[in-house]
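Mapped onto numbering that gives the first Met the number 0, the consecutive letters of the sequence shown carry residue numbers 0 to 638.
All remarks here apply to the structure that follows.
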Amino acid sequence: MWTPDADLQRQGARLLPVLPEPWAAALAGRSPGLDLLPLAEGLASFLPDPGRGPDLERTVLLLLLLLLAQAEGHVGLPLETGPDSLLAGYAAAFRADPVELAALARSQALAPLRGAPGSGRPLILDQDALYAQRLHQAETGLAEAVRIRLRQPAHTLPEPDPAVLEGPDPLNPDQALALRRALAAPLTLVTGGPGTGKTSIVVAILRQARRQGLPLAAMALAAPTGKAANRMAESMQAALSRLPAADPMDAELQTGGPVPATLHRLLGYQGGGGFRHGADQPLPAELVIVDESSMVDLVLMERLLRSVRPGARLVLLGDAQQLPSVEPGSVFQDLAAALPERVVRLQHSYRMDHPEGRPVLQAARKLALELPGDLFQAPDPLYPGALGEPLPGVSFLDGGHDLVRRFLLDWFHREVERIGEPEPFLLPIQHTHLQEDGRWPSGEAARLRHLFGHYRTARILCPLREGAGPRRAEGINALLHREASRVRDRGLARTLAFSLGEPVMVTRNDYARGLFNGDQGIVLKVARDGGPARLEVVFQTPEGLRAFAVAPLLQSLELAYALTVHKAQGSEYDRVAIVLPEEDGPFLTREILYTALTRARSRVTILGSEAAIRAAAARSQRRYSGLPGRLVLFPQESP
């Protein structure tokens, strides 16, 4: 397969003598922006005659817009030129004519790079959209894998065991339908908002499958990130622990049930884009359940569908209203929209039964129903808060950088440094945690779990990561790190990269250590087998508490007092602060607000103006994908 990044880096061509001024302005507000220009020029240099002057600029711009669309999550660049089209929006930002760009994409001038599906050219023209070959192959491959899966016969199964329907939490009719579909159909999608009981369905599926004779070894659980897999494991164990101890099959699940893994680990990722499992070597599991499926990108979902053996059952759970994946595609949303007969929608949220969670849920529902104006109206309206007054529900604080800084420092001392009973915050973080023969004594394990539980109570979320100010995740982390150093590292001649007790996040996959991008840990003192204490990062994983020396990980860690909303997917906290940037832009969307809000169980404070909240709530993040059009062509039968 043609690999554009590697080939273009080797080519290294620069064609434009001067960067056009409108391009510089348009790229400055996007990330990535200018970094894409050399790739576009390198790709254009493969043409035998890319032209000169306006022709050269148009050619490079078309390729730049394709790369930009891909970087912003679109699978391809549709060539429709209407006033509300994606191409028209891009063209307007770069002061170009969308009709000319669309004509160029279809013209013979681009033919050496562009071909029809199956041509093997680096660019593919299909469904009147321009694709990079890799994403076109993933989209068509996923559509074919779905078609094959939909043709598999459904399993004929007895009615679920009443004990499964009744506990540990009684299943409502929608949940019971999801249970039946999951065990009968070759493909089932379960979508629901916060608190709709998706974990209860997972536990019920496993219990019923075991009662129908499926061995534990034939069940596989997965999530897109280590954090989401860990949360899935914790939620399941909490539910299983509430079951009566009488049933031996439930006891088996409690002590030896399937452990959720990351999708990369489940599929046997081998680095360089390769996986052990695929159509030629399918997963051995007969039942595969994937949580947080809205986070799964197009390429990974295509690999998953090809890796599940034909007779197995695949269950995808998620929230179709959440942000789509970081990488291109909005696969879960596309599948849910195109395959309604395969979808079970959970309507009842159990958070509505609790007064603390109701205002957060009401705000999320108003966003999901695309009613941005109702956010500030009864029931449970967003209301203007005041600094230093943590009130229940959803409030907002409108002010400049100084107010945001004061809020963040107050948050640090109120939410981070007050761990509560049974001891002050500084005691557990200054404690030397002992490990013996690779194991944590029960007291040490309990202390560590208490710390992790503390950091799951509250978190700061931002739409944007990069930047030094107090409205970006990087700037907030730097501010709170300075405050932590002032409080905890007194007397040191230099500032440490990380202070004791600080939350950190892994930024790149580390297969040797089994750490993955997005995994979160805490910096602590650890002494092994009677040796000296050293600074280590402790991670809470589905396999247990694991610790690694800080020094070798320095290039792969960043502070995590504040997370981007994307990185927070798969997590839940009691309280959340959402810090909006001062400037408006396409990155502020309804999906960003919805996802950030639904990370909270009881309280949200938004740092931003009413106008900014209204603007974000009214803007939807629509990604181009040809997948729905490919799927609606397939005949569907009710499972």
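Note that the Cβ used here is the ideal one computed from N, Cα and C, for glycine as well.
The beta-carbon separation of Val314 and Thr187, rounded to 5 Å, stays under the 8 Å limit for a contact.
The continuous stretches of beta strand (DSSP E) do not include Met294, and DSSP gives it neither H nor E. Between the stretch 72 to 83 and the stretch 119 to 134 there are three or more C-beta pairs closer than 8 Å, enough to call the two in contact. Comparing alpha-carbon positions, the option among Pro391, Leu366, Gln332, Ser234 lying closest to Glu355 turns out to be Pro391.
Inter-residue distance for Gly192 and Arg613 is about 21 Å (C-alpha atoms, whole angstroms).
Around the beta carbon of Pro469, a 10 Å sphere encloses 16 or more other beta carbons of the protein chains shown; the residue is thus reported as buried. Pro37 and Asn508 have their C-alpha atoms roughly 26 Å apart. Excluding sequence positions up to five before and after Gln151, its CB lies within less than 7 Å of the CB of Pro185, Pro309, Gly310, all in the same chain and listed in chain order.
By the neighbour-count criterion, in which a residue is buried when 16 or more other Cβ atoms sit within 10 angstroms of its Cβ, Arg350 is buried. Glu435 is bridged by DSSP to Arg438. The C-beta distance from Val537 to Gln519 rounds to 10 Å, too long to meet the 8 Å contact threshold. The alpha carbon of Ala70 has as its nearest neighbour, out of Thr540, Glu326, Ala362, the alpha carbon of Glu326. As the crow flies, the alpha-carbon of Val486 is around 21 Å from that of Leu447. DSSP, reduced to helix, strand and coil, places Pro358 within a helical segment of the structure shown.
Taking 8 Å as the upper bound for CB-CB distance, Asp249 and Arg206 are in contact here, some 6 Å apart. Excluding sequence positions up to five before and after Pro19, its CB lies within less than 7 Å of the CB of Glu56, all in the same chain and listed in chain order. For Gln539, DSSP records a beta bridge to Leu544. Looking at Leu61, Ala43, Gly72, Leu14, the one whose alpha-carbon comes closest to that of His565 is Gly72. For the pair Leu33 and Ala457, the Cα-to-Cα distance works out to about 36 Å. In the three-state reduction of the DSSP assignment, Gly628 falls in the helix class, which pools H, G and I.
Residue state for Tyr623 is assigned as coil, using DSSP reduced to three classes. Using a 10 angstroms sphere on the CB of Val631, the tally of other CB atoms stays under 16, which defines it as exposed. Bounds of the alpha helix (DSSP H) holding Ser199 are 197 to 210. Each residue's CA atom was taken as its position, placing Gly399 and Phe497 some 28 Å apart. Glu482 is positioned such that its CB atom lies no closer than 8 Å to that of Leu534. Gly452 and Arg133 have their C-alpha atoms some 41 Å from each other. With fewer than 16 neighbouring CB atoms inside 10 Å of its own CB, Pro16 falls in the exposed class.
Apart from sequence neighbours up to five positions away, the residues of its chain that approach Glu291 with a beta-carbon distance below 7 Å are Ala222, Pro223, Ala227, Gly317, Gln568, Gly569, ordered along the chain. Leu18 carries a coil assignment under DSSP once its states are collapsed to helix, strand and coil. Check the Cα spacing between Leu14 and each of Arg51, Pro116, Leu479, Ser30: the tightest is with Arg51. Of the other Cβ atoms in all chains shown, 16 or more fall within 10 Å of the Cβ of Arg180; this residue is therefore buried. Here Leu626 really is in contact with Leu141; their C-beta atoms are around 7 Å apart, less than 8 Å. When C-alpha distances from Val342 are compared across Ala102, Ala144, Ala39, Leu149, the shortest belongs to Leu149. The straight-line gap separating the alpha-carbon atoms of Leu35 and Leu66 is approximately 7 Å.
The straight-line gap separating the alpha-carbon atoms of Leu463 and Phe375 is approximately 24 Å.
DSSP, read as helix, strand or coil, puts Tyr382 in strand.
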